[in-house]
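S.K.:
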Amino acid sequence: MDEAATRQRFLIISNGHGEDAIAAEMVAKFPPQVSAEAFPMIGSGKAYNGICRLVGPRATLASEGWRNVKGSLRRDIVNGGLLTIPPIIRFLRSMRGRYDRVIVVGDMVGVLACLVSGLKGLVYIDVYKTGAARLYSGLERWAIRRSCDLVFCRAQNLADMLAEDGVDARCAGNLMMDTVPYGRYEAAERRSQRLAVTLLPGSRALTSESFALQIAALRLLPEAERPDVFLAVAGSVSVEDLAKSAGLNRASILSGDPDDLGQLTDGKLVVHMARGRAMGNLLAASDLVLSQAGTATVQALGLGRPAITFLNPRDRRSRVENEQRLFGAARVLVDADAAALAKALADLLGDDAERARLGAIGRERIGGPGALAAILAAL
Numbered sequence: 000m001d002e003a004a005t006r007q008r009f010l011i012i013s014n015g016h017g018e019d020a021i022a023a024e025m026v027a028k029f030p031p032q033v034s035a036e037a038f039p040m041i042g043s044g045k046a047y048n049g050i051c052r053l054v055g056p057r058a059t060l061a062s063e064g065w066r067n068v069k070g071s072l073r074r075d076i077v078n079g080g081l082l083t084i085p086p087i088i089r090f091l092r093s094m095r096g097r098y099d100r101v102i103v104v105g106d107m108v109g110v111l112a113c114l115v116s117g118l119k120g121l122v123y124i125d126v127y128k129t130g131a132a133r134l135y136s137g138l139e140r141w142a143i144r145r146s147c148d149l150v151f152c153r154a155q156n157l158a159d160m161l162a163e164d165g166v167d168a169r170c171a172g173n174l175m176m177d178t179v180p181y182g183r184y185e186a187a188e189r190r191s192q193r194l195a196v197t198l199l200p201g202s203r204a205l206t207s208e209s210f211a212l213q214i215a216a217l218r219l220l221p222e223a224e225r226p227d228v229f230l231a232v233a234g235s236v237s238v239e240d241l242a243k244s245a246g247l248n249r250a251s252i253l254s255g256d257p258d259d260l261g262q263l264t265d266g267k268l269v270v271h272m273a274r275g276r277a278m279g280n281l282l283a284a285s286d287l288v289l290s291q292a293g294t295a296t297v298q299a300l301g302l303g304r305p306a307i308t309f310l311n312p313r314d315r316r317s318r319v320e321n322e323q324r325l326f327g328a329a330r331v332l333v334d335a336d337a338a339a340l341a342k343a344l345a346d347l348l349g350d351d352a353e354r355a356r357l358g359a360i361g362r363e364r365i366g367g368p369g370a371l372a373a374i375l376a377a378l
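Under numbering that gives the first Met the number 0, the first residue of the sequence shown is numbered 0, with each subsequent residue one higher.
Below, the structure is given as structure tokens:
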């Protein structure tokens, strides 16, 4: 029998940068008998580059799907966000019957789009709801019951809710922790100080602004107390924009590491840069993170790295509070002020026992890997 005829065809639907990254890492671990194609509903889908073929229309939103910022939904609508919906629905309708499995990775947006398009029998991997504050509404439970054959949840209480509706729902671990990206970058070889911090400024419109504040905080530390500094650069982020925002210059000397992006420096402070796909390498060599990211913050906490995050005045407080119910003390929140950020950083750098305590809280709150093996076994 022709090998192509025996391969299973999977369509992977994801809706956001973090979801794309998680799904791409999952696809990379699929066995050879699976042929996967990806439909990133929002953005370019760069995370899938070199991993699988992209299909479907590309939709661009001003918010890039990031709902932590106040008024993001309204701005998306004003800027034509509703116009992205018809092409997505038409595409999904045209995909009915073409794949052995349709797998949605992300939140309910993908599930609802499939339901409206008539795609059923979904495998839904919910990486959004935590079970700490975000539970399923009645409408969401109805939509899942109508469209999904199998659901993987991040928390047992979420799986139990769906099981009450007759849905095959399971909690086998946190897929985010199965899909922490590791690349080819020797972070440990760049260490010269006792401690190290990784900067995770995010992947969206506020990234340069966030990075500039993180650098301003590092500059306030006495030189003798500054840690080694690493920066994970998402594929959608311009290094030149980062450098300009923080008053740094880029050193173009690169090593032989494929994921090395060089350094940013002002002559005193040095920032070692790597591609986002090597974030796991940076976290492994670091003691804590300064993070404004979404998925990456969760992964850092799950690896036992405490996070310090500043509250942007534009942040939706309800969203931040919901996240904090899950993260607990493992994520330290401060005002969007360089001095406040520097103090929190200095406090953690100077207290090994407190870092260890917060790291243990993060690992316990986020949960470990295991979801990927369960997903592959089920598929």
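From the three backbone atoms N, C-alpha and C, an ideal C-beta is built for every residue, glycine too. Note that the coordinates shown come from a computational prediction; the quantities given were computed from them, not determined experimentally.
Just the Cα atoms here: how many angstroms apart are G70 and Q291?
M.R.: Counted from its first residue, the sequence shown places residue 70 at position 71. Counted from its first residue, the sequence shown places residue 291 at position 292. Only weak support is given to the placement of G70: the predicted model assigns it a pLDDT of 47, under 50, and the value that follows is read from those uncertain coordinates. Spanning the two alpha carbons is a distance of roughly 18 Å.
S.K.: Should G279 and I365 be called a contact, given that it needs their Cβ atoms to be closer than 8 Å?
M.R.: Here residue 279 is taken as the residue at index 280 of the sequence shown, counted from 1. Here residue 365 is taken as the residue at index 366 of the sequence shown, counted from 1. Contact: no.
S.K.: Identify whether P39 lies in helix, strand or coil by the three-state DSSP scheme.
M.R.: Counting from one through the sequence shown, the residue named residue 39 turns up at place 40. It is a strand residue.
S.K.: Is the Cβ-Cβ distance between G172 and G42 less than 8 Å?
M.R.: Working through the sequence shown from its first residue, we reach residue 172 at position 173. Working through the sequence shown from its first residue, we reach residue 42 at position 43. Not closer than 8 Å, so no.
S.K.: Ordered along the chain, which non-local residues of its own chain (more than five positions away) have a Cβ less than 7 Å from that of G246?
M.R.: The residue labelled residue 246 in the question sits at position 247 within the sequence shown. Only D265 meet the Cβ criterion.
S.K.: Taking the C-alpha atoms as reference points, what is the distance between Q7 and H16?
M.R.: The count along the sequence shown starts at 1 and reaches residue 7 at position 8. The count along the sequence shown starts at 1 and reaches residue 16 at position 17. Going by the C-alpha atoms only, they are around 26 Å apart.
S.K.: Which value, in whole angstroms, describes the spacing of the CA atoms of V54 and G44?
M.R.: If you number the sequence shown from 1, residue 54 lands on position 55. If you number the sequence shown from 1, residue 44 lands on position 45. Computed Cα separation, rounded: 10 Å.
S.K.: Grab me the residues of L194's own chain with a C-beta within less than 7 Å of its C-beta, minus the 5 sequence neighbours each way, in chain order.
M.R.: Residue mapping note: residue 194 aligns to position 195 of the sequence shown, counting from 1. The answer, listed in chain order, is P226, D286, L348.
S.K.: Opposite V228 in the DSSP bridges: which residues?
M.R.: As a first step, residue 228 must be located in the sequence shown, where it is residue number 229. BP columns for V228 point to V196, V270.
S.K.: For F29, does the three-state DSSP call read helix, strand or coil?
M.R.: Position 30 of the sequence shown holds residue 29. In the structure shown, F29 sits in coil (DSSP, three-state: anything other than H, G, I, E or B).
S.K.: Determine the contact status of V126 and G105, defining contact as a CB-CB distance below 8 Å.
M.R.: In the sequence shown, the residue the question calls residue 126 occupies position 127. In the sequence shown, the residue the question calls residue 105 occupies position 106. Cβ atoms of V126 and G105: closer than 8 Å.
S.K.: Mapping DSSP to helix, strand and coil, what is S71?
M.R.: Here residue 71 refers to the residue found at position 72 when the sequence shown is read from its first residue. The predicted position of S71 is uncertain, since its pLDDT is 48 and thus under 50; a value taken from the coordinates is nonetheless stated next. Three-state DSSP puts S71 in a helix.
S.K.: How would you call N14, buried or exposed, if buried means at least 16 neighbouring beta carbons within 10 angstroms?
M.R.: Translated into the one-based positions of the sequence shown, residue 14 becomes position 15. N14 is buried by the Cβ-count criterion.
S.K.: Please report the distance separating the alpha-carbon of P39 from that of R57.
M.R.: Translated into the one-based positions of the sequence shown, residue 39 becomes position 40. Translated into the one-based positions of the sequence shown, residue 57 becomes position 58. Computed Cα separation, rounded: 7 Å.
S.K.: Evaluate the contact criterion for the segment 176 to 187 versus the segment 137 to 152: three or more CB pairs, one atom per stretch, below 8 Å.
M.R.: With a cut-off of 8 Å, the segment 137 to 152 and the segment 176 to 187 do not count as touching, because too few Cβ pairs lie within range.
S.K.: Is L220 helix, strand or coil when you go by DSSP?
M.R.: If you number the sequence shown from 1, residue 220 lands on position 221. In the structure shown, L220 sits in coil (DSSP, three-state: anything other than H, G, I, E or B).
S.K.: Can you give me the start and stop residues for the beta strand (DSSP E) that I307 sits inside?
M.R.: Here residue 307 refers to the residue found at position 308 of the sequence shown. Run containing I307: 306 to 310, per the beta strand (DSSP E) assignment.
S.K.: How big is the Cα-Cα spacing for R189 and L198?
M.R.: If you number the sequence shown from 1, residue 189 lands on position 190. If you number the sequence shown from 1, residue 198 lands on position 199. Near 15 Å, if we compare the C-alpha coordinates of L198 and R189.
S.K.: Just to confirm my understanding: we take T296, look at its own chain, exclude 5 residues before and 5 after, and list those with CB closer than 6 Å. What are they?
M.R.: Along the sequence shown, read from residue 1 onward, the residue named residue 296 stands at position 297. Hits under 6 Å: S290, A306.
S.K.: Short check: CB of S228 to CB of V196, under 8 Å?
M.R.: For this step, residue 228 is matched to residue 229 along the sequence shown. For this step, residue 196 is matched to residue 197 along the sequence shown. The amino acid occupying residue 228 in the given sequence is Val; Ser does not appear at that position. Yes, these two residues count as a Cβ contact at 8 Å.
S.K.: Please state the DSSP three-state secondary structure of N14.
M.R.: Here residue 14 refers to the residue found at position 15 of the sequence shown. DSSP places N14 in coil when its eight states are reduced to three.
S.K.: Hey, quick one: how far does the beta strand (DSSP E) through C147 stretch, first residue to last?
M.R.: On the sequence shown, position 148 is the one that residue 147 refers to. 147 to 151 is the span of the beta strand (DSSP E), which, as asked, contains C147.
S.K.: Using a 10 Å radius around the Cβ and a threshold of 16 neighbouring Cβ atoms, would you call N78 buried or exposed?
M.R.: In the sequence shown, residue 78 corresponds to position 79, counting from 1. Here N78 scores only 47 on pLDDT, less than 50, and its place in the model is too uncertain to base an answer on.
S.K.: Assuming A359 and G303 form a contact by the criterion Cβ under 8 Å, report the distance between their Cβ atoms to the nearest whole angstrom.
M.R.: What you label residue 359 is simply residue 360 of the sequence shown in a count that begins at 1. What you label residue 303 is simply residue 304 of the sequence shown in a count that begins at 1. With 8 Å as the limit, A359 and G303 qualify as a contact, their Cβ atoms being about 7 Å apart.
S.K.: Does the Cβ of M0 have 16 or more other Cβ atoms within 10 Å, making it buried, or fewer, making it exposed?
M.R.: Walking along the sequence shown from the start, residue 0 turns up at place 1. Residue placement at M0 is flagged as unreliable, the pLDDT there being 43, under the threshold of 50; the coordinate-derived value follows with that caveat. M0 comes out exposed.
S.K.: What are the boundary residues of the alpha helix (DSSP H) that includes L325?
M.R.: Working through the sequence shown from its first residue, we reach residue 325 at position 326. It spans 316 to 326 - the alpha helix (DSSP H) in which L325 sits, taken as one unbroken run.
S.K.: Quickly, what does DSSP pair Q7 with across the bridge? List them, please.
M.R.: If you number the sequence shown from 1, residue 7 lands on position 8. Answer is V33, bridged to Q7.
S.K.: Going by beta carbon distance, what residues of the same chain come within less than 7 Å of R218, once the five residues before and after it are set aside?
M.R.: Sequence index remark: in the sequence shown, residue 218 carries index 219 (1-based). These residues qualify, in order along the chain: L268.
S.K.: Restricting to Cα atoms, I'd like to know which of R354, L282, T206 is closest to D243.
M.R.: Taking the sequence shown and counting its residues from 1, one reaches residue 243 at position 244. According to the sequence shown, residue 243 is Lys rather than Asp. Checking every option, the nearest Cα to that of K243 belongs to T206.
S.K.: To the nearest angstrom, report how far apart R183 and R89 are at their CA atoms.
M.R.: Locating residue 183 in the sequence shown gives position 184, counting from the first residue. Locating residue 89 in the sequence shown gives position 90, counting from the first residue. Near 40 Å, if we compare the C-alpha coordinates of R89 and R183.
S.K.: Who are the near neighbours of R145 in its chain, counting only those whose CB is closer than 7 Å to its CB and skipping five residues on each side?
M.R.: Mapped onto the sequence shown, residue 145 falls at position 146. The answer, listed in chain order, is L114.
S.K.: What's the C-alpha gap between D75 and D350?
M.R.: Counting from one through the sequence shown, the residue named residue 75 turns up at place 76. Counting from one through the sequence shown, the residue named residue 350 turns up at place 351. Reliability of the predicted coordinates at D75 is poor, the pLDDT of 47 falling under 50, and the value obtained from them is presented with this limitation in mind. So the alpha carbons of these two residues sit roughly 43 Å apart.
S.K.: Based on DSSP bridge pairs, tell me the residues matched to N248.
M.R.: Start at 1 with the first residue of the sequence shown, and residue 248 comes out as number 249. Answer by DSSP bridge pairing, in chain order: T264.
S.K.: In three-state terms, what does DSSP make of I76?
M.R.: In the sequence shown, counting from the first residue as 1, residue 76 sits at position 77. Note on I76: pLDDT 46, under 50, position unreliable in the model; no value is reported.
S.K.: Rounded to whole angstroms, what is the Cα-Cα separation between L263 and A204?
M.R.: By one-based count along the sequence shown, residue 263 stands at place 264. By one-based count along the sequence shown, residue 204 stands at place 205. So the two alpha carbons sit approximately 20 Å from each other.
S.K.: Are the CB atoms of I11 and A27 nearer to each other than 8 Å?
M.R.: Indexing the sequence shown from 1 puts residue 11 at position 12. Indexing the sequence shown from 1 puts residue 27 at position 28. Cβ atoms of I11 and A27: not closer than 8 Å.
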